[in-house]
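Mind the numbering: the sequence shown is residues 1 to 373 in the UniProt record's numbering, read in order. Idealized CB from N, CA, C, for every residue including glycine.
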Amino acid sequence: MQGAENTEKQQLSAPLRVRMWEYRIISVIVCAFSFWIASKGNWNKIPVSIATVVLIIGIAIWMLGSPDDYNGSTDICSMIAMDCPRKIEEFYEAYKDVRTPLGSGYLVQFYTMRQPALMFGPDKNGDFLYFWLSKDGNIGYLGYSFMTSMIKGKYNDPIFPAEEDFGDNTAKYVCYQSDVLLMQKQLRESLEHFVKTKQVLEIPQSHPSEVYTFTEDFKLTGQHFDLCDNEGNRVFEIEGTAPLRTLSVYDNQHNEIFKMTKKIVSVLPTYQFYYRGELYGTLEKKFVLVKDKFEMKVKEGKLELTEYAGSIGHNFCVTLNGKTLGTILDNLDLKMENIVFDNAVIIAYEEKYLPLLAAMAVMAARELARDRS
Numbered sequence: 001m002q003g004a005e006n007t008e009k010q011q012l013s014a015p016l017r018v019r020m021w022e023y024r025i026i027s028v029i030v031c032a033f034s035f036w037i038a039s040k041g042n043w044n045k046i047p048v049s050i051a052t053v054v055l056i057i058g059i060a061i062w063m064l065g066s067p068d069d070y071n072g073s074t075d076i077c078s079m080i081a082m083d084c085p086r087k088i089e090e091f092y093e094a095y096k097d098v099r100t101p102l103g104s105g106y107l108v109q110f111y112t113m114r115q116p117a118l119m120f121g122p123d124k125n126g127d128f129l130y131f132w133l134s135k136d137g138n139i140g141y142l143g144y145s146f147m148t149s150m151i152k153g154k155y156n157d158p159i160f161p162a163e164e165d166f167g168d169n170t171a172k173y174v175c176y177q178s179d180v181l182l183m184q185k186q187l188r189e190s191l192e193h194f195v196k197t198k199q200v201l202e203i204p205q206s207h208p209s210e211v212y213t214f215t216e217d218f219k220l221t222g223q224h225f226d227l228c229d230n231e232g233n234r235v236f237e238i239e240g241t242a243p244l245r246t247l248s249v250y251d252n253q254h255n256e257i258f259k260m261t262k263k264i265v266s267v268l269p270t271y272q273f274y275y276r277g278e279l280y281g282t283l284e285k286k287f288v289l290v291k292d293k294f295e296m297k298v299k300e301g302k303l304e305l306t307e308y309a310g311s312i313g314h315n316f317c318v319t320l321n322g323k324t325l326g327t328i329l330d331n332l333d334l335k336m337e338n339i340v341f342d343n344a345v346i347i348a349y350e351e352k353y354l355p356l357l358a359a360m361a362v363m364a365a366r367e368l369a370r371d372r373s
């Protein structure tokens with residue numbers, strides 16, 4: 001229902017509206033057929049198993065009908081609606097001079113498709129993003145892959161190639177990895193904006209000064225975290241006492257900045273956030289099948305904490321009214337403390353929101369620990 005409401009707001013073109021309803025009608029028929037299979041089999045184990053598979057197929061068909069439904073189900077690939085039939089060459093001309101963490105765009109040929117695709121990357125690990133159009137040019141798809149063997153050849157070379165040498169600067173390397181992780185979301189927003197306005201949005205990149213490490217220390221009576229800058233200086237400390245219903249964020253003078261209290265009586269996990277003693281907002285978990293998502297209404301608008309499905313580790317993006325404030329990434333350094341504890345890396349794109357990001361990281365760590373248990 002939410003997807004349908006958002007699709008109406010997007011005002012899809014006539015061919016896409018027809019496509020959306022065709023897929024939804026087929027989906028309803030397939031789902032109804034799954035219930036028929038189960039009922040005819042008297043709800044026995046084998047018929048119910050077959051009906052479950054058919055039902056999943058029916059739901060998948062529904063998800064393919066519109067961009068909002070499709071994009072809400074996965075982060076690996078994004079669907080972008082065109083206002084009219086488009087050609088890939090239009091997008092190449094728009095993005096061939098745009099710098100991104102994966103370099104500028106250029107045209108390639110894949111073994112799996114006849115038409116050319118716009119590609120960004122690959123980086124030194126082989127990760128790349130690629131954008132292609134359907135045969136009628138009414139729908140675009142933005143995908144992620146690491147299978148460079150599927151690239152048949154290049155039509156041209158990127159003006160700005162992907163960065164390959166990160167040196168020994170750990171903070172810079174973390175920035176790069178975060179930017180690559182976020183780039184698909186940012187590129188999708190840029191492509192959607194280009195379709196509507198014929199103007200390209202800049203793909204932002206983070207800087208080493210924005211990187212903070214979030215580490216947990218062992219404590220018998222509760223939980224303790226330190227938030228340090230990239231030079232190892234402590235910026236905030238987070239304390240929580242058993243039974244860990246409440247955790248507080250303190251500055252170096254031990255002044256409480258944020259406090260989080262988990263509500264006991266709630267269907268889905270809910271946290272109340274307090275900023276300097278006053279209620280800041282209530283963060284509630286939303287029912288989403290593929291990834292964890294939390295929302296909070298604050299004075300500035302809607303704050304969201306969304307997990308990136310399909311990425312290595314547990315990684316989250318924090319946005320305010322759609323604008324990215326920062327990211328919370330698993331610290332994947334193969335060290336014992338990172339394996340045992342809920343250690344993470346925080347990138348704050350706006351420093352004033354760093355205390356909030358620290359509080360969000362604590363909450364995410366608590367929920368991950370809760371899921372494991």
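Under a 10 Å Cβ-count criterion, residue 147 is classified as exposed, with fewer than 16 other Cβ atoms of the shown protein chains found around its own Cβ.
Its chain contains 79, 81 as the residues whose beta carbon lies nearer than 6 Å to that of residue 67, once the 5 sequence neighbours on both sides are disregarded; these appear in chain order.
Listed as beta-bridge partners of residue 229 by DSSP are 212. Distance from the CA atom of residue 297 to the CA atom of residue 282, rounded to whole angstroms, is 7 Å. For residue 256, same chain residues with a beta-carbon under 8 Å away, outside a window of 5 residues either side, are 248, 249, 250, 276, 277 in chain order. In the pairwise beta carbon analysis, the region 224-238 is classified as touching the region 209-216: at least three pairs are separated by under 8 Å. Sorting 149, 15, 48, 19 by C-alpha distance to the C-alpha of residue 31 places 48 at the top.
Counting along the chain, residue 58 sits inside the alpha helix (DSSP H) bounded by residues 45-63.
Taking the CA atoms as reference points, residue 354 sits about 24 Å from residue 184.
Residue 113 is not a Cβ neighbour of residue 130, given a cutoff of 7 Å. A distance of 7 Å or more separates the beta carbons of residue 109 and residue 101.
In the three-state scheme derived from DSSP, where H, G and I count as helix and E and B as strand, residue 77 is classed as strand.
For residue 68, the enclosing alpha helix (DSSP H) covers residues 67-71. With fewer than 16 other Cβ atoms inside 10 Å of its own Cβ, residue 351 counts as exposed.
Excluding its 5 nearest sequence neighbours in each direction, residue 362 has C-beta neighbours in its own chain below 6 Å: 238, 247, listed in chain order. By the criterion of a C-beta distance shorter than 8 Å, residue 85 is surrounded in its chain by 136, 137, 138, once the five residues flanking it on both sides are discounted. The C-alpha of residue 142 is placed about 37 Å away from the C-alpha of residue 272.
The C-alpha of residue 57 lies about 14 Å from the C-alpha of residue 37. The shortest CA-to-CA distance from residue 235 to any of 367, 357, 59 is the one to 357. The Cβ neighbour count for residue 268, taken over all protein chains shown within 10 Å, is under 16; the residue is labelled exposed. Rounded to whole angstroms, the separation of the alpha carbons of residue 200 and residue 41 is 55 Å.
Between residue 287 and residue 305, the C-beta spacing is not below 7 Å.
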